[in-house]
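So the structure is just underneath, and the comments pick up after that.
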Amino acid sequence: MATPDVPVSDTRQPLGPLAERGWSLHSSDFADADATVSELGKLGDRLGTRVAGRAGSFEEIIEPHGADDAHPRSLSARYGLGALPFHTELSHRTRPCRYLLLGCIAPGSPAAATMLLDWKTLGFSVEELDLLEGTPMLVRSGRRSFYSTILAPGGAFLRYDPGCLEPVDQRGRMALALIEDRIAGASPQAHQWRQGDILVIDNWRVLHGRSPSDRGSGRRLARILINA
Ligand SMILES: [Fe+2]
Numbered sequence: 046m047a048t049p050d051v052p053v054s055d056t057r058q059p060l061g062p063l064a065e066r067g068w069s070l071h072s073s074d075f076a077d078a079d080a081t082v083s084e085l086g087k088l089g090d091r092l093g094t095r096v097a098g099r100a101g102s103f104e105e106i107i108e109p110h111g112a113d114d115a116h117p118r119s120l121s122a123r124y125g126l127g128a129l130p131f132h133t134e135l136s137h138r139t140r141p142c143r144y145l146l147l148g149c150i151a152p153g154s155p156a157a158a159t160m161l162l163d164w165k166t167l168g169f170s171v172e173e174l175d176l177l178e179g180t181p182m183l184v185r186s187g188r189r190s191f192y193s194t195i196l197a198p199g200g201a202f203l204r205y206d207p208g209c210l211e212p213v214d215q216r217g218r219m220a221l222a223l224i225e226d227r228i229a230g231a232s233p234q235a236h237q238w239r240q241g242d243i244l245v246i247d248n249w250r251v252l253h254g255r256s257p258s259d260r261g262s263g264r265r266l267a268r269i270l271i272n273a
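Here it is, written out as structure tokens:
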């Protein structure tokens with residue numbers, strides 16, 4: 046892709062692009078998974094505090110899952126190996142984590158890209174932002190389900206995940222349709238993974254998704270989640 050890589054070892058301004066466009070890419074020639082995971086942790090610890098993922102772990106290895114062997118409430122359970130739609134990580138928590146860090150242990154074959162989309166480029170009008178900020182939605186998370194809005198007060202973050210957001214009235218249906226419509230017409234960036242790549246994503250600003258994958262592709266990413 047056109048953006049310059051930032052070596053992990055460059056400690057002068059390694060996270061500059063993160064502030065400018067909501068994500069940054071750090072490349073290394075780490076050949077083994079342990080080194081990538083270790084760098085992932087170092088970058089994450091500079092940004093904030095680790096948060097446990099859905100399975101309770103502070104460090105996860107993610108692989109494409111078919112619908113039949115995925116966590117029942119995950120997007121994979123609904124979309125399987127097809128394209129995973131854009132979403133905010135941990136939308137089912139009252140406050141989604143601030144940063145999402147992904148490290149490439151193996152890009153897999155065929156490789157699947159990670160898609161990135163800054164919600165502030167979706168062109169919402171003032172009225173549309175009001176709709177997103179003022180319309181209650183049901184956030185499904187089993188016994189911990191709650192009501193919230195897509196846009197946090199003041200636009201601090203966008204909560205969007207078609208797997209857990211449910212409208213409760215006509216305005217809610219309008220709000221979801223609005224986002225789906227804008228995402229469908231957007232021009233996201235696609236990151237094609239190479240072994241050792243690390244992506245740092247501002248989860249409050251940049252939605253992420255995955256292009257279609259294949260069972261047994263061998264694609265493996267390490268993931269950590271950070272509160273800040
Ligand atoms: Fe995700």
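Just so you know, our numbering puts the end of the sequence shown at 273, numbered straight through with nothing missing.
Glycine is no exception: its CB is placed at the ideal position from the N, C-alpha and C atoms.
For His137, the shortest C-beta to heavy atom distance toward ligand 1 is 7 angstroms or greater. Not one heavy atom of ligand 1 is found less than 7 angstroms from the C-beta of His236. With respect to Leu161, Val251 sits close: the two C-beta atoms are nearer than 8 angstroms.
Comparing alpha carbon positions, the residue from Leu129, Glu211, Ser170, Ser186 closest to Gly200 is Ser170. At least one heavy atom of ligand 1 sits closer than 7 angstroms to the Cβ of Glu134. Between ligand 1 and His253, a heavy atom-to-CB distance of less than 7 angstroms is present. Along the length of the region 207-262, whole beta strand (DSSP E) runs at least 3 residues long occupy 210-212, 234-236, 243-247, 251-255, reported in chain order. If you draw a straight line from the Cα of Ala267 to the Cα of Glu104, it is about 7 angstroms long.
Listed in chain order, the non-local C-beta contacts of Pro155 below 7 angstroms within the same chain comprise Asp259, Ser262, local neighbours out to five positions each way being set aside. Assigned with DSSP and collapsed to three states, Thr94 falls in strand. Judged by beta-carbon spacing, Thr180 lies within the 8 angstroms limit of Ala220, meaning their Cβ atoms are closer than that value. Counting C-beta pairs with one atom in each stretch, the region 112-128 and the region 226-240 have fewer than three that are closer than 8 angstroms, which means they do not touch. Its chain contains Gly241 as the residues whose beta carbon lies nearer than 8 angstroms to that of Asp74, once the 5 sequence neighbours on both sides are disregarded; these appear in chain order. Listed as beta-bridge partners of Asp163 by DSSP are Val251. Here Leu196 carries a strand assignment [DSSP, helix/strand/coil]. When secondary structure is reduced to three states using DSSP, Leu176 falls in the helix class.
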